[in-house]
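This report concerns only the one structure given below.
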Amino acid sequence: MNAHVHEPCIDRMAWRKSSYSSEEGGECVEVAALPGRVHVRDSKDTTRPGLTVQPTTWSTFVRYAAL
């Protein structure tokens, strides 16, 4: 996993979050996939730094999180 990489257009990315997320609290993340990298950030505080990972790393995380 890499530290957050500054993207000049990070606010214009197509961010999405799980349909299981709600506005009633909890810890939710948003994801923006770009060629060669996946950005992950806190959906409730989008001004905080996020993480940038390789697509294979994200796929592995999602596969194990779904268990």
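Residue numbers (our numbering): 378 to 444. The beta-carbon is built from N, C-alpha and C at its ideal position, and this holds for glycine as well.
| Query | Result |
| --- | --- |
| Contacts around Ser420, its chain only, beta-carbon distance under 7 Å, and the 5 residues preceding and following it disregarded | Lys394, Ser398, Cys405, Val406, Glu407 |
| Residue(s) in a DSSP beta bridge with Glu407 | Arg418 |
| Cβ-based burial, Ser425 [other Cβ within 10 Å; buried from 16] | Note that residue 425 corresponds to Arg in the displayed sequence, not to Ser. It is exposed - the Cβ of Arg425 has fewer than 16 other Cβ atoms within 10 Å. |
| CB of Val417 within 7 Å of CB of Pro432, strictly | no |
| Sub-7 Å separation of Trp435 and Ala409 beta-carbons | no |
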